Amino acid sequence: MPRIALALVFSASLLSTTGYSQHGENTDTLERGSDLTKKLKSMEARKEVYLDLIESYSAEGHYEKAYANQLLYSQVKDSLFDEDKSKEIGKLEAKYEMERTIEEEKLKKNIRLK
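Residue numbers 7 to 120, in the working numbering, belong to the letters of the sequence shown in order.
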């Protein structure tokens with residue numbers, strides 16, 4: 007997570023958990039962090055910010071905003087999951103192709119030796 011976004015999210019979380027935040031202060035900080043994560047295109051950071059925003063809006067009684075962030079959180083989480091699975095599939099395909107090539111080479115070598 008980029009440092010500035012991380013600092014904003016951390017400070018908002020700290021304010022929230024210690025009880026030192028003014029009404030909406032940590033939510034405002036989280037919103038700024040959310041904007042930064044969008045600009046920096048950091049999906050993992052955005053996922054964490056949405057999760058914190060859900061908690062913050064719920065605590066303030068802004069349930070529609072909490073729900074909206076829940077939907078955004080789910081979208082980002084699903085995108086990250088799909089991305090991870092695509093990478094895993096790509097690695098498995100490459101491994102399979104390499105193993106198949108090695109086996110073909112062994113077969114060709116055995117045929118030549120006969």
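For each residue, glycine too, the CB sits at the ideal point set by N, CA and C.
Since we're looking at a predicted model, the values are computed, not measured.
- Task: State the DSSP-derived secondary structure class of L46, mapped to helix, strand or coil.
- Result: In the three-state DSSP reduction, L46 falls in the coil class, being neither helix nor strand.
- Message: G67 and V55 - do their beta-carbons sit closer together than 7 angstroms?
- Response: no
- Kindly list the residues whose CB is nearer than 6 angstroms to the CB of A65, restricted to its own chain and excluding five residues on each side of it in sequence; keep chain order. none
- Task: Could you please give the first and the last residue of the uninterrupted alpha helix (DSSP H) stretch that includes G67?
- Result: No alpha helix (DSSP H) holds G67; DSSP gives it neither H nor E.
- Count the other CB atoms within 10 Å of the CB of T35; is the residue buried (16 or more) or exposed (fewer)? buried
- Query: Whose C-beta lies closer than 6 angstroms to the C-beta of L78 among residues of the same chain, with five residues either side of it excluded?
  - Reply: Y56
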